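Student: Pasting in a structure now, in structure tokens, and then I'll have a few things to ask.
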Amino acid sequence: MALQHLEFSYEGTPGATIPMEWFHSGVVGSGDMEVLLTRREQQGKVTVKVCTPVRGFDQVWDKVLARFVQESGCGDLELEINDNNATPFIVSLRLKQALQEARGGEPA
Amino acid sequence: MESMIGRGRDAISMIVDPDSFAENQVGNVQVPEGYGPGAVVGTASLNGRPVTILANDAQAVNPRFPVVYFGVIGMEEAYKMASAVYESILADRDKPVGEKRPLLLIVDTPGNGPGKVEEIFGMNKATGAYQLALAEARKAGHAVIAMVIGRAISGAFLCHGLQADHILALPKECGTMIHVMPLTSISRITKMDIERLEELSQESPVFAAGVDFFYRLGGVEEIVPAPEGMRDALARHVELVEALKREGHYEQTGPWSRGALGAERGGRTTRPEVLRRMAEEFAAVSSSYLA
Amino acid sequence: MSYGNGQKMSFLEANARQRANWLVDEGSFTELLGPQDRMTSPHLPALGEAVSFDDGVVTGVGRIGTRPVFVISQEGRFIGGAVGEVHGAKMVGIFRLALDAYKAAAEKHPDDLDAYRPAVVISFETGGVRLHEANAGLLAHAEVMDMIQDTKGKLPVISLIGSKVGCFGGMGFVAAATDAIIMSPLGRLGLTGPEVIEQEMGKEEFDASDKSLVSRTTGGKHKYIMQDCNILVEDTIMGFRRALCDLLAQPYEKVCACRRIGSYQLVKEQMDLVALAVELNPGDAKDVWRYYGNEHPEQLPELETAEFLRVVHRRPKEVR
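In structure tokens:
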């Protein structure tokens, strides 16, 4: 019943981090999520912490996150996600938007 | 043990000096008979000193506002109580702190008036007006003490009780109820098993219904073991609060002090951390805002 | 989105952080206890409820002209903007800082205080107490009311109501207790939420699913007619910001004159209004609109804001 805490780690692109120390995006509405991106010098690694009320979807998270890291080519980042039943589609969308906003572009 | 639910008027007689209660008489004003019948206001003596009484009458029905019965605070009731508070402030405006008449709130109310007419005309103003009046009296130096004798439910407790300097309550054995919502309703809304909620409420008092939980959160200063003890306990807390105010320790009274009490009793420990960090963060940037 | 484009955005659609940033002068907003502090609710995890780094409220300080403006902006999408321990403490914290800032301003600018007097601005989007931590939320409401009383005579507290969730429950009277209320026609303000009234009075008397009924009873236009909303604006960030700036440019006494409760005199005025409620015994808010001289009350809900403001008759300040 309690909230789930999941942790993941991916080999990202060294140096492909964000320009500021941290960046926040999103609202934890129903079916939505927020993400806090933090710059971390960690040999390109992208580490992810997910806090979610949903159980049993560890592998789905892993797939969505791995794909995001690969497609966006980001690195040296920590992502902290507070999720409230977001679908995999929403998760990828929000992550892409967050990274884009952090890099100074308008969200997609 | 004896329950005081629905017995606001009995509680008044048990608390004040015998035959001293003059209903509807506060300061220079006589409240019209029958106005806001769900609320009882007036002046009495406590150990020979004048006090303003503000109570619920759960037996009364307001013929003009059908949602007002069973101790509900409607628009007339809330403004009647607010007027009695302002009259008390006016009557003692030239007296020094410590000599201003105390205000005693006798609390047994299940809610604020929940109706269509109430919303059209603004029930939120009525309950807000009474709270502001109480806060003003408190800050002007009156001792404001609440005694929960029955139900102190959610917004009605905010209206009539939570603006007091100190809050006392009879124990749950007397049938006293303090909550926002019973656990059964919380269970329905959060879709959690009632058994699990009961188990969780043992560790954390923040959502469970009951006097003891409010005590741990600092929402109640003292639990008075039995109705016979109400009179002495109220007199004692009047003295305590007046002593604090004479010394200028207003921060040790009222809602703010209950925040500190909640941390001390282990019920609300994050609140002080939030306040501390906000102050710290503002201090770091304040020079660019405070020109 | 840029500040300039943000101004054109719907207040209703914007999120709490956007509102906070765009209501004050460009680039002046500093969030206090923002997401980077990760101050989530300590109570929600055990109940399996999602947490948020800001606990559903954006708090911080910005500037309007020379004046520091302390902002509380609630996020309705997170548990309906409901108030728990952290959320409530953040509100209280903002008031404490504003009161300290007032003290500093009063010392530094005794002759020119109106230009430097801090303000508190609350963008409400909430149903009041958060059930998952109900007791802590309830106690926080009492603290906020206590703080509002502390601001009287010192600094203006201004309510903005134009969000999806509206402003109900305990926060309904918190808003009533502030100095001035700015709403859009989409804003909702009340004590008892529509569903609870339906439960109490029956569907025949109050159908909570009837959106126009809910709007007539609690919406910005109705509250404006009743003088329970002081300024009615279009549903844009700019609409709210302009009204806020104009209001703060007034001498403090003018802002205080917007109050509806908070003194014996005002309570007497409200008692006259309650007597009128008895006399009229309206079946619908439209009956009251007609009483105040609106000959075709049924047309008011349809009107564009500007047209509505041009034709509407409001409750005269001296009730009858």
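Chains as they are written, first to last, in the numbering used here: chain A, 606 to 713; chain B, 3 to 293; chain C, 182 to 501. Backbone N, C-alpha and C define an ideal beta-carbon position, used for all residues, glycine too. Fair warning: this is a prediction, and the values are worked out from it, not measured in the lab.
Among Ile122/B, Gly152/B and Phe215/B, which has the Cα closest to the Cα of Pro11/B?
Tutor: Checking the displayed sequence, the identity of residue 11/B turns out to be Arg instead of Pro. Looking at the Cα atoms, Gly152/B is the closest of the given residues.
Student: Given 8 Å as the limit, is there contact between the segment 227 to 246 of chain B and the segment 345 to 365 of chain C, that is, 3 or more CB pairs closer than that?
Tutor: No, the segment 227 to 246 of chain B is not in contact with the segment 345 to 365 of chain C.
Student: Report the three-state DSSP secondary structure of Arg258/C (helix, strand or coil).
Tutor: Note: Arg258/C maps to coil in three-state DSSP.
Student: Alpha carbon to alpha carbon, how far is Val325/C from Val355/C? Give it in angstroms, no decimals.
Tutor: Straight-line Cα distance between these residues: approximately 7 Å.
Student: Note down the Cα distance separating Asp637/A from Ala285/C, rounded to an integer number of angstroms.
Tutor: The straight-line gap from Cα to Cα measures roughly 42 Å.
Student: Answer with yes or no whether the minimum CB distance from Lys271/C to chain B is below 8 Å.
Tutor: So yes, Lys271/C belongs to the interface.
Student: Alpha helix (DSSP H) containing Ser187/B: first to last residue?
Tutor: Unbroken alpha helix (DSSP H) run through Ser187/B: Leu185 to Thr192.
Student: What does the Cβ neighbour count give for Asp468/C, buried or exposed, with the cut at 16 atoms within 10 Å?
Tutor: Exposed, because fewer than 16 other Cβ atoms sit within 10 Å of the Cβ of Asp468/C.
Student: CA-CA distance, Gln648/A and Ser614/A?
Tutor: Rounded to the nearest angstrom, the two C-alpha atoms are 12 Å apart.
Student: Roughly how many angstroms separate the alpha carbons of Glu706/A and Glu639/A, rounded to a whole number?
Tutor: Cα to Cα, Glu706/A sits roughly 13 Å from Glu639/A.
Student: For Glu256/C, go through chain A and note every residue whose CB falls closer than 9 Å to its CB, in chain order.
Tutor: Going along chain A in sequence order, the residues near Glu256/C (Cβ under 9 Å) are Val632, Val633 and Gly634.
Student: Would DSSP call Cys439/C helix, strand or coil?
Tutor: Coil at Cys439/C, not helix or strand.
Student: Is the segment 140 to 150 of chain B touching the segment 368 to 377 of chain C, taking contact as three or more C-beta pairs under 8 Å?
Tutor: No contact exists between the segment 140 to 150 of chain B and the segment 368 to 377 of chain C.
Student: Is the CB of Ala227/C under 8 Å away from at least one CB in chain A?
Tutor: Output row for Ala227/C: interface = yes.
Student: With a floor of 4 residues, list each alpha helix (DSSP H) that falls wholly inside the segment 255 to 342 of chain C, ordered by position along the chain.
Tutor: Listed in chain order, they are 266 to 289, 294 to 297 and 315 to 332.
Student: Could you please give the first and the last residue of the uninterrupted alpha helix (DSSP H) stretch that includes Cys161/B?
Tutor: Here the alpha helix (DSSP H) through Cys161/B covers Ser156 to Cys161.
Student: Relative to the C-alpha of His128/B, which candidate in Arg278/B, Glu266/B, Val74/B and Arg95/B has its C-alpha closest?
Tutor: At residue 128/B the sequence reads Ala, which differs from the His that was named. Looking at the Cα atoms, Val74/B is the closest of the given residues.
Student: Does the beta-carbon distance from Asn690/A to Ser630/A come in below 8 Å?
Tutor: No, Cβ-Cβ distance for Asn690/A and Ser630/A is not below 8 Å.
Student: Taking its Cβ as the centre, do 16 or more other Cβ atoms sit within 10 Å of Ala321/C, making it buried, or is it exposed?
Tutor: Classification of Ala321/C: buried, given that the 10 Å Cβ count is 16 or more.
Student: Show which residues of chain A have a CB atom less than 7 Å away from the CB atom of Phe354/C.
Tutor: By Cβ distance, chain A contributes nothing, its closest Cβ being about 26 Å from Phe354/C, past 7 Å.
Student: Could you check the C-alpha separation between Phe662/A and Pro299/C for me, to the nearest Å?
Tutor: Roughly 49 Å separates the two Cα atoms.
Student: At least one CB of chain C closer than 8 Å to the CB of Val18/B: is that the case?
Tutor: Output row for Val18/B: interface = no.
Student: Closer than 7 Å, Cβ to any Cβ of chain B: which residues of the segment 377 to 402 of chain C, in chain order?
Tutor: Within the segment 377 to 402 of chain C, the residues whose Cβ lies closer than 7 Å to some Cβ of chain B are Val377, Ile378, Glu381, Met382, Glu386, Phe387, Thr398 and Thr399, listed in chain order.
Student: Are the CB atoms of Val238/C and Gln255/C nearer to each other than 8 Å?
Tutor: Their beta carbons are under 8 Å apart, which means Val238/C touches Gln255/C by this criterion.
Student: Kindly indicate which residue of Val448/C, Leu278/C, Pro366/C and Ser390/C has the alpha-carbon position closest to the one of Ala487/C.
Tutor: It is Pro366/C whose Cα lies nearest to the Cα of Ala487/C.
Student: Helix, strand or coil, according to DSSP, for Glu683/A in the structure here?
Tutor: Reduced to three states, the DSSP call for Glu683/A is strand.
Student: May I have the straight-line CA-CA distance separating Pro497/C from Ala154/B, to the nearest angstrom?
Tutor: Cα to Cα, Pro497/C sits roughly 37 Å from Ala154/B.
Student: Can you give the Cα-Cα distance for Asp263/B and Ile329/C, rounded to whole angstroms?
Tutor: Here residue 263/B is Leu; the residue named in the question, Asp, does not match the sequence. Spanning the two alpha carbons is a distance of roughly 21 Å.
Student: Tell me, please, whether the CB atom of Val267/C is closer than 8 Å to any CB atom in chain A?
Tutor: No, Val267/C does not count as interfacial toward chain A.
Student: Spell out the partners DSSP gives Gly613/A in its beta bridges.
Tutor: The amino acid at residue 613/A is misidentified as Gly; the sequence shows Phe. Looking at the DSSP assignment, Phe613/A forms a beta bridge with Val653/A.
Student: What is the DSSP secondary structure of Gln408/C, reduced to helix, strand or coil?
Tutor: Coil.
Student: Would a check of beta-carbon distances place His494/C closer than 8 Å to chain B?
Tutor: No, His494/C does not count as interfacial toward chain B.
Student: Of all the beta strand (DSSP E) runs that stay within the bounds of the segment 359 to 432 of chain C, which reach a length of 3 or more residues?
Tutor: Segments of the beta strand (DSSP E) lying fully in the segment 359 to 432 of chain C: 361 to 364.
Student: Check the DSSP bridge columns for Leu107/B and list the partner residues they point to.
Tutor: Leu56/B and Ala148/B, per the DSSP bridge assignment.
Student: Is it true that the CB of Pro39/B sits closer than 8 Å to the CB of Ala62/B?
Tutor: Yes, they are a contact pair.
Student: Rounded to the nearest angstrom, how far is the Cβ of Thr213/B from that of Glu314/C, given a contact under 8 Å?
Tutor: It is Val, not Thr, that sits at residue 213/B in the sequence shown. With 8 Å as the limit, Val213/B and Glu314/C do not qualify as a contact, their Cβ atoms being about 18 Å apart.
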